[in-house]
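Going line by line, the protein sequences match chains P and F. Taking our numbering, the leading residue of the first sequence gets 336, the next gets one more, and so forth. Taking our numbering, the leading residue of the second sequence gets 8, the next gets one more, and so forth. Ideal Cβ positions, reconstructed from N, Cα and C, are used throughout, including at glycine. The structure appears below as structure tokens.
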Amino acid sequence: DTAVSQTPKYLVTQMGNDKSIKCEQNLGHDTMYWYKQDSKKFLKIMFSYNNKELIINETVPNRFSPKSPDKAHLNLHINSLELGDSAVYFCASSPPRGGAPPNDSAKNIQYFGAGTRLSVL
Amino acid sequence: LAKTTQPISMDSYEGQEVNITCSHNNIATNDYITWYQQFPSQGPRFIIQGYKTKVTNEVASLFIPADRKSSTLSLPRVSLSDTAVYYCLAPYGSSNTGKLIFGQGTTLQVKP
Numbered sequence: 336d337t338a339v340s341q342t343p344k345y346l347v348t349q350m351g352n353d354k355s356i357k358c359e360q361n362l363g364h365d366t367m368y369w370y371k372q373d374s375k376k377f378l379k380i381m382f383s384y385n386n387k388e389l390i391i392n393e394t395v396p397n398r399f400s401p402k403s404p405d406k407a408h409l410n411l412h413i414n415s416l417e418l419g420d421s422a423v424y425f426c427a428s429s430p431p432r433g434g435a436p437p438n439d440s441a442k443n444i445q446y447f448g449a450g451t452r453l454s455v456l
Numbered sequence: 008l009a010k011t012t013q014p015i016s017m018d019s020y021e022g023q024e025v026n027i028t029c030s031h032n033n034i035a036t037n038d039y040i041t042w043y044q045q046f047p048s049q050g051p052r053f054i055i056q057g058y059k060t061k062v063t064n065e066v067a068s069l070f071i072p073a074d075r076k077s078s079t080l081s082l083p084r085v086s087l088s089d090t091a092v093y094y095c096l097a098p099y100g101s102s103n104t105g106k107l108i109f110g111q112g113t114t115l116q117v118k119p
């Protein structure tokens, strides 16, 4: 069973359209993330939710709106798609911290989905 | 902006040891240094993590000097299947965002 699953894997669409990417994790983690990876492999954080509450919202256009219906899901909705939105989007999750190093039982390791390759034409 | 610095790319041959060093001058005092591996068309996956000194697991070793301003991922006797992008994650500051700066990674190409 896939721990962090994203759908769809590929998404090809026209400029101006609205699209959504879904993410689900079955690991029981409290924190979920969305990252954008560009063609040069830069992996940039976009959003992070902890127990359905937004804790990180990086400098991302407000055309991007994350939605977390429950702590196992973090979906990404994108309005009015632009050419520059073409990238691979990764969802990830991590368990809650179990303390401070070196005794942290959880160690804040992130588990990533396989990615969604978005192509805007 | 504090960030991690790694070589953009490295080449190696099968059977060699590969060392990838990451600089992180402003690392937070109470957080781990974590390395991830990403194969083409897959998401990054955790390979090793450390706080101080040396850590070894079945995949790699991680060397961290006392000042923690850098770390070196060591892959013993690489094979073609180790060709991947390797990311160093070294949180800085106290903000949540500072904990999640992955950067560009190091693309390792292993040749036969």
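For residue 380 of chain P, the closest Cβ of chain F is nearer than 8 Å. Under the DSSP assignment, residue 85 of chain F falls outside any beta strand (DSSP E); it carries neither an H nor an E label. Between the alpha carbons of residue 409 of chain P and residue 117 of chain F lies a distance of about 36 Å. Here the stretch 88-101 of chain F lies against the stretch 38-48 of chain F, with 3 or more beta-carbon pairs under 8 Å apart.
Listed in chain order, the non-local C-beta contacts of residue 90 of chain F below 7 Å within the same chain comprise 115, 116, 117, local neighbours out to five positions each way being set aside. Shown in chain order are the members of the stretch 79-96 of chain F whose Cβ falls below 8 Å from a Cβ of chain P: 92, 94.
In the DSSP annotation of this structure, the continuous segment of the beta strand (DSSP E) that includes residue 454 of chain P starts and ends at 451-455. In this structure, residue 82 of chain F keeps its C-beta atom at 8 Å or more from the C-beta atom of residue 21 of chain F. Here residue 110 of chain F carries a strand assignment [DSSP, helix/strand/coil]. When the Cα atoms are used, residue 63 of chain F and residue 387 of chain P turn out to be separated by approximately 35 Å. Within the same chain, and ignoring the five residues on either side of residue 75 of chain F in sequence, the residues whose Cβ sits closer than 6 Å to its Cβ are 34.
Annotated three-state conformation of residue 57 of chain F is strand, per DSSP. Neighbours of residue 22 of chain F in chain P, taken as residues whose beta carbon is under 8 Å from its own, are absent, since the nearest beta carbon is some 26 Å off. The beta carbons of residue 93 of chain F and residue 15 of chain F sit no closer together than 8 Å.
The criterion of a C-beta distance shorter than 8 Å is satisfied by residue 57 of chain F and residue 69 of chain F. Pairing residue 340 of chain P with residue 367 of chain P gives a Cβ-Cβ distance that is not under 8 Å. As the crow flies, the alpha-carbon of residue 79 of chain F is around 20 Å from that of residue 46 of chain F. Apart from sequence neighbours up to five positions away, the residues of its chain that approach residue 30 of chain F with a beta-carbon distance below 8 Å are 11, 12, 13, 76, 77, ordered along the chain.
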